[in-house]
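Participant:
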Amino acid sequence: MKKTNKIKVISATIQGPLHCNKNMPCQDYCKHTTTGKNFVAVVSDGAGSAKFGKIGARIVCHTLIDLLQNVTFANVQNAVYHAIEIARAKVLRHRFNKTHSSHGMMNFAATIVGVVYHKDKGIFFHIGDGAALAICENDINNFTASPPSNGNFSCETFFYTQENWMENLRFTPFEKADAVFLMSDGLTNFSFSADFRKIEKQFILPIHSFLSGEKSKIKARRALANTLNDAKARRLNSDDKTLLWARL
Numbered sequence: 031m032k033k034t035n036k037i038k039v040i041s042a043t044i045q046g047p048l049h050c051n052k053n054m055p056c057q058d059y060c061k062h063t064t065t066g067k068n069f070v071a072v073v074s075d076g077a078g079s080a081k082f083g084k085i086g087a088r089i090v091c092h093t094l095i096d097l098l099q100n101v102t103f104a105n106v107q108n109a110v111y112h113a114i115e116i117a118r119a120k121v122l123r124h125r126f127n128k129t130h131s132s133h134g135m136m137n138f139a140a141t142i143v144g145v146v147y148h149k150d151k152g153i154f155f156h157i158g159d160g161a162a163l164a165i166c167e168n169d170i171n172n173f174t175a176s177p178p179s180n181g182n183f184s185c186e187t188f189f190y191t192q193e194n195w196m197e198n199l200r201f202t203p204f205e206k207a208d209a210v211f212l213m214s215d216g217l218t219n220f221s222f223s224a225d226f227r228k229i230e231k232q233f234i235l236p237i238h239s240f241l242s243g244e245k246s247k248i249k250a251r252r253a254l255a256n257t258l259n260d261a262k263a264r265r266l267n268s269d270d271k272t273l274l275w276a277r278l
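Whatever position you read off the sequence shown (first residue = 1), add 30 for this note's numbering.
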């Protein structure tokens, strides 16, 4: 059995050039825990058009971590629904939600992509864009992915603050993976082919190999941040970028 406190986790969040140029804050947020019965990690991307998107992202990440880390794995899906409902209630009552209405909640709009992992079994949960990936080192082509979900247009996505959020919540189970990646939408075009049927091995595998071998978490975080913020990455996608990697 793999204990959660033996799981190695490295993450980095980078403010995108678009937000830098417009003097806007980075709206991405991520959090994880290895202290409970389950390994839980969540990445949330606050909508750029939402005034308090970063707050919405932070609220849902903390709520999901708190409520999922010791839940019975067989009950994960119900627990995710419950945790999101709690996060929505927090947003509804938030002091910046002046109207305390569902309409005001959209000022906190954010996506969700997360994972719960326990005893060689995992499940991704997902609303909106961003992506999740589970890989096996001995068969890299046999991966499990939770791809982005957009609306009728590529620039449209879904948020946990929407009234129909339940319709857009997806679950993807996997087993016996060696590592998982969670990412905001600023990195999906680096990590997958256009149809999401293949992974971009020249991006995913070097990151996995380096982070697996680097003993210093400080050096690993710095290297990951530099990778997400190099000139090519900024040119290919101007959005904020978050990548969370975990060696299971």
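Backbone N, C-alpha and C fix where the C-beta goes; we use that ideal spot for every residue, glycine too.
CB residue 213 to CB residue 272, shorter than 9 Å?
Facilitator: Position 183 of the sequence shown, counted from the first residue, corresponds to residue 213. Position 242 of the sequence shown, counted from the first residue, corresponds to residue 272. Yes; because the gap between Cβ atoms is below 9 Å, this pair is in contact.
Participant: What did DSSP end up calling residue 257 once you bin it into helix, strand or coil?
Facilitator: Here residue 257 corresponds to residue number 227 of the sequence shown, with the count starting at 1. It is helical.
Participant: Quick one: grab the DSSP three-state call for residue 205.
Facilitator: To locate residue 205, count along the sequence shown from 1; it is residue 175. Strand, per DSSP.
Participant: Would you check if the stretch 66-84 and the stretch 124-139 touch, i.e. whether three or more CB-CB distances between them fall below 8 Å?
Facilitator: yes
Participant: Buried or exposed: residue 68, going by 16 or more other Cβ atoms within 10 Å of its Cβ?
Facilitator: Position 38 of the sequence shown holds residue 68. With 16 or more Cβ atoms within 10 Å of its Cβ, residue 68 is classed as buried.
Participant: Using a threshold of 9 Å, state whether the C-beta atoms of residue 38 and residue 276 are closer than that.
Facilitator: Residue 38 sits at position 8 when you count from the first residue of the sequence shown. Residue 276 sits at position 246 when you count from the first residue of the sequence shown. Their beta carbons are under 9 Å apart, which means residue 38 touches residue 276 by this criterion.
Participant: Does the Cβ of residue 223 have 16 or more other Cβ atoms within 10 Å, making it buried, or fewer, making it exposed?
Facilitator: Translated into positions along the sequence shown, residue 223 becomes position 193. Exposed, by the Cβ-count rule.
Participant: Put residue 72 into one of helix, strand or coil per three-state DSSP.
Facilitator: Position 42 of the sequence shown, counted from the first residue, corresponds to residue 72. The answer is strand: DSSP assigns residue 72 an E or B state.
Participant: Please report the residue range of the alpha helix (DSSP H) in which residue 179 lies.
Facilitator: Against the sequence shown, residue 179 aligns to sequence position 149. First-last for residue 179: undefined, no H or E at that position.
Participant: Run through DSSP, which three-state label would residue 231 get?
Facilitator: Taking the sequence shown and counting its residues from 1, one reaches residue 231 at position 201. In this structure, residue 231 counts as helix in the three-state DSSP scheme.
Participant: Buried or exposed for residue 42, please, with buried defined as at least 16 other CB atoms from any protein chain shown within 10 angstroms of its CB.
Facilitator: Numbered from its first residue, the sequence shown carries residue 42 at position 12. Flag for residue 42 reads buried.
Participant: Given that a residue counts as buried once 16 or more other Cβ atoms are within 10 Å of its Cβ, and exposed if not, what is residue 125?
Facilitator: Locating residue 125 in the sequence shown gives position 95, counting from the first residue. Counting Cβ neighbours within 10 Å, residue 125 comes out exposed, since fewer than 16 surround it.
Participant: Per DSSP, what kind of secondary structure is residue 158 in: helix, strand or coil?
Facilitator: Numbered from its first residue, the sequence shown carries residue 158 at position 128. For residue 158, the secondary structure class from DSSP, reduced to helix, strand or coil, is coil.
Participant: Between 173, 189, 112 and 193, which lies nearest to residue 83 when the distance is taken from Cα to Cα?
Facilitator: Along the sequence shown, one-based indexing puts residue 83 at 53. The residue with the shortest Cα to Cα distance from residue 83 is 189.
Participant: Could you pull the start and end residues of the beta strand (DSSP E) that residue 150 belongs to?
Facilitator: Along the sequence shown, read from residue 1 onward, the residue named residue 150 stands at position 120. Counting along the chain, residue 150 sits inside no beta strand (DSSP E), nor does DSSP assign it H or E at all.
Participant: Specify the secondary structure class of residue 284 as computed by DSSP and reduced to three states.
Facilitator: Examination of residue 284 is not possible in this model, given that the chain is present from 31 through 278 alone.
Participant: In three-state terms, what does DSSP make of residue 103?
Facilitator: The count along the sequence shown starts at 1 and reaches residue 103 at position 73. Helix, per DSSP.
Participant: With 16 other CB atoms within 10 Å as the buried threshold, where does residue 105 fall?
Facilitator: The sequence position of residue 105 within the sequence shown is 75, counting from 1. It counts as exposed.
Participant: Starting from residue 95, trace the beta strand (DSSP E) both ways and give me its first and last residue.
Facilitator: By one-based count along the sequence shown, residue 95 stands at place 65. Note, residue 95: premise wrong, no beta strand (DSSP E); alpha helix (DSSP H) at 83-98.
Participant: Do residue 64 and residue 34 count as a contact pair if the criterion is CB distance below 9 Å?
Facilitator: Locating residue 34 in the sequence shown gives position 4, where the first residue counts as 1. Locating residue 64 in the sequence shown gives position 34, where the first residue counts as 1. Taking 9 Å as the cut-off, the Cβ atoms of residue 34 and residue 64 count as close.
Participant: Do you know offhand how far residue 127's Cα is from residue 148's?
Facilitator: Counted from its first residue, the sequence shown places residue 127 at position 97. Counted from its first residue, the sequence shown places residue 148 at position 118. Looking at the two C-alpha atoms, the distance is approximately 36 Å.
Participant: Who does residue 41 pair with in a DSSP beta bridge?
Facilitator: Within the sequence shown, residue 41 is the residue found at index 11, counting from 1. The partner list for residue 41 (beta bridge, DSSP) reads 274.
Participant: My assumption, with CB atoms under 8 Å, is that residue 99 sits in contact with residue 66. Please give the rounded CB distance.
Facilitator: Taking the sequence shown and counting its residues from 1, one reaches residue 99 at position 69. Taking the sequence shown and counting its residues from 1, one reaches residue 66 at position 36. Residue 99 to residue 66, Cβ: 3 Å. Contact.
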